[in-house]
Structures are given as C-alpha cells and as structure tokens.
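Quick note, the sequence shown lines up with residues 16 to 382 if you use the numbering used here.
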Amino acid sequence: LKPFWLRPMAAHSPPARAMGRRAVRLCGALGAASAACSALACEVFRRWPETFYRELPLDGQPLPAFALCETAHGRPCRVWPRPARWLSDFYEPLGRHALAVKAAGGKPTIVHIGANDFTEDIVAYEPLLRGVAAHGVHVRLLLVEPEQRHRTKLLSRHLDLGVPASSVTVVTAAMDGLCKGPLVQYLFSRQLAEDFGSQLSGNHLMALYNSMNSWRSADKQRLSRVIHALATDKTYSTGEGSSDAFDLFHSIVVPTVRRIYEAGNASEYIIEEKVPCLNGSELVAQESVSPADIVMMTIDAEGLDVPIFMGFTALDGFRPTLQRLEGTWHLQRMRIVLQRLAEKGYKVGVSGQSHPEDVVAYAEPPV
C-alpha cells in the first residue's frame, strides 16, 4: 500500500477537498500559536493542495492544462486547475479554421453527437455561431440524436440560434465505434417520472422526463450510476458554479431523483429501444462531409464517447480546432483519449461548472 502522498487522487475527490479543509484549519491554528510565522505557514498550506495535484501525475496520467468555464452568465469559475478559459476565447481560432475550410472548397461543420433536444446548449452555441460568423463564414451544425421525438424540435433550433434553416442538419441515429446493425439502448420509462413527479406541474414534469430520458445508454448499469450520483453528490443539489440554464435541473430534477434513489426500485422502470447506428466514417459519408471540414466536435453519448472518438481520430484529415467529450477526466477509460490527443498535438483541459471534468481539447496555439 502506497503512503497517502504517493496515491493518485482526483482534484475534486472527497479526500482532496478534505485535505484542503484540514489545511485551512491547521492554518488557523498556526496563526493563533505564532503571529510571526502564521502568514508564511498559512500561505504554504493554502497553496499546497493545488500545487500538489498540479505537479503529481495520476499514475502517469497527465494533468489538465486549463479549465473551461462554459457558463455565459459571468459567474466566477472556481475550478482547479488554472488557468481558466471561456468558450469565447475559442471563437477566433474557430473562425480562422472555418475560413480555411471554405477557402479549400470544403463546408465548415460543427458536429454535436448526443444533442438531446438541445435546450441546454443554446446558451453556448448561439454566441459561438455568431462569433464564428463574424469572420465572414457560416458553419453547418450537424446534430446527431437517436431519439425520434426530438427531431422536430431540433430542426426548429435554427430560430433560437439565429441561423438559416439550411445551416442545421439533424441525423436521427445513435453512434458507436463499430456498428453491427441497430444499437440497443436502455432508458427510464416515462412512468418513472409520472410516479415520482406526480406533484409537479406540466412543464416541470416534462423537464423531469426529458432529463431522465437523456440518460439513455448502451450500458444498462449506467442508469443506476446516474441515479446514485445525483442523489448522493451534494454539488448537484446546490448547483454551485452552474449557469442559469441549469437552475430547473437542480431545483426539480435532483430532489425527485433523490426520492427515486431512496425508494430503491429505479431498475424496475428500465426499458430498452433499438435505434439506427452509425460510426464516424458512416456519418461523414452519409452527410457528404469531409473529415477535414469538421472544425469542432462535441460527443455526449452516455458511455460511448471513447469508441466514437477513436473512430473519428482514424479518419484522414480529421483535426477539429475544439473537441469535447463527456466523461470524467481521471477515469481509466479516458487515458487512451488523453494519449491520442497528446500524440496529435492538442492542448488538453477539463471543463468545470455544469459539466464537471469533461475532456476539452484545443488544436491551436494557446489562447
């Protein structure tokens, strides 16, 4: 067993936060004992956890180079590590890349896999598309979502985004690294929301159902893990650091999920659906997009992010300026992603606030 100072520990893990709190308490004790040494001692202990985690690899895994603060509401981004970056920092390099694609005869494209109904993404994408368009080029937004009922809503999102209808393409399919026919996905039935949200109004009940439905996954156990995480991690109920777009999630969805967790019968509500499946090469071929045309890609595929990502990286010419993958940075399965991004010269960071510890990768010189 390694001594505690050699054990890998995530920056946001309970032990990490606990050590930070103990350092503060020790700092106070030192100050009370000796005014002369308190300032120096307090500064050392205050900075120690951040310095420790910044410089100590997690069993050889690289540490984030930056933190992305994605909220558009100007709230402080209190996320380790520093430096912090905002999505607006990437508008200019995305615009330059889009111009280069257009000049080469291509069609600048942003791909978002796992779009759901896109409600929570409008706040980020509307200014992003404006920022890119300011360079004199419009990009195509390719939204991939397996659930058929979201198709009409997604096709109307051009109104919220302020772009022509022709700029938004919707593909109704699931994605995986290698598809062998339709993909089986597991999800919670609508009955779960109705049974545990019977006291909610129509709009709030729909918000609850939409959130639960978005957790669909090819991994059946993932649904139980989501329920456990939302019910037991206090940051979800407080909404600390989140943008206004997520207030309803914290005030309605999380308390209901806590009741579901306490009831202990969520697995009884799991159903399965078969949906069309595409891999990266099939998607670009179907939509007549060159891999080199993709300037930005987001993957939010509830557990399939890694195989989808690996499929795209094998495509000739694929090098988006900005990539984002849902998932926890320090998990073992993300190591192959971090390694591949590093090999291709990406600067790799981590997101904070509403989507903590997603992997964010940037292919240009530092912004």
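All residues carry an ideal CB built from backbone N, CA and C; glycine is no exception.
On a predicted model such as this, the values are computed, not experimentally measured, just so you know.
- Boundaries for Ser-366: no alpha helix (DSSP H) harbours it, while the beta strand (DSSP E) harbouring it runs 362-366, taken from the DSSP string.
- Annotated three-state conformation of Gln-163 is helix, per DSSP.
- Exposure of Ile-286 is indicated by the presence of fewer than 16 other C-beta atoms within 10 angstroms of its C-beta.
- Between the beta-carbon of Val-310 and that of Val-116 there is about 6 Å, and that keeps the pair under the 8 Å contact cut.
- Counting only residues of its own chain and dropping the five nearest sequence neighbours on each side, Gly-151 has no CB closer than 6 Å to any other CB.
- Ile-314 is classed as buried because its beta carbon has at least 16 other beta carbons within 10 Å across all chains shown.
- Here the alpha carbons of Ile-351 and Asp-331 stand approximately 19 Å from one another.
- In this model, Cys-84 and Gly-295 are separated by some 28 Å (Cα to Cα).
- Excluding five sequence positions before and after Pro-197, the CB atoms of its chain that fall closer than 8 Å to its own CB belong to Lys-289, Val-290, Pro-291, Cys-292, given in chain order.
- Unbroken alpha helix (DSSP H) runs of no fewer than 4 residues, entirely contained in the stretch 94-175, are found at 106-118, 137-148, 166-170, following chain order.
- By the Cβ criterion, the stretch 260-280 is in contact with the stretch 213-231, since at least three pairs of Cβ atoms, one from each stretch, lie closer than 8 Å.
- The stretch 322-341 and the stretch 148-163 do not touch, with fewer than 3 CB-CB distances between them shorter than 8 Å.
- Here Thr-313 is bridged, per DSSP, to His-127, Arg-339.
- Within the stretch 193-220, the complete beta strand (DSSP E) segments of 3 residues or longer fall at 198-203, listed in chain order.
- The straight-line gap separating the alpha-carbon atoms of Ala-208 and Leu-202 is approximately 12 Å.
- Taking C-beta separations shorter than 7 Å and ignoring five residues to either side along the sequence, the partners of Phe-324 in its chain run Ile-314, Leu-340, Val-352, following chain order.
- When DSSP reads this structure, Val-272 sits in no beta bridge, so it has no partner.
- Straight through space, the alpha carbons of Glu-317 and Arg-237 are spaced by roughly 8 Å.
- The beta-carbon separation of Asp-175 and Leu-319, rounded to 27 Å, does not stay under the 8 Å limit for a contact.
- The distance from the Cβ of Val-154 to that of Thr-184 is about 11 Å, inconsistent with a contact at the 8 Å cut-off.
- Bounds of the beta strand (DSSP E) holding Lys-289 are 285-290.
- Around Leu-263, the same chain offers Ala-222 as residues with beta carbons nearer than 6 Å, after the five sequence neighbours per side are excluded.
- With a beta-carbon spacing of about 6 Å, Glu-141 and Gly-177 fall inside the 8 Å limit used to define contacts.
- In this structure, Lys-122 keeps its C-beta atom at 8 Å or more from the C-beta atom of Asp-248.
- Secondary structure at Val-304: coil, using DSSP grouped into helix, strand and coil.
- Thr-167 sits exposed, since fewer than 16 C-beta atoms from the chains shown fall within 10 Å of its C-beta.
- As the crow flies, the alpha-carbon of Ala-82 is around 22 Å from that of Val-126.
- Beyond the five residues adjoining it in sequence on each side, Phe-211 comes within less than 7 Å, by CB distance, of Thr-271, Arg-274, Ile-275 in the same chain, given in chain order.
- Judged by DSSP secondary structure, Val-185 falls within the beta strand (DSSP E) whose first and last residues are 183-186.
- In terms of CA proximity to Glu-302, Leu-157 leads the group Gln-338, Leu-157, Arg-205, Ala-246.
- For Ala-233, there is no enclosing alpha helix (DSSP H), as DSSP gives it neither H nor E.
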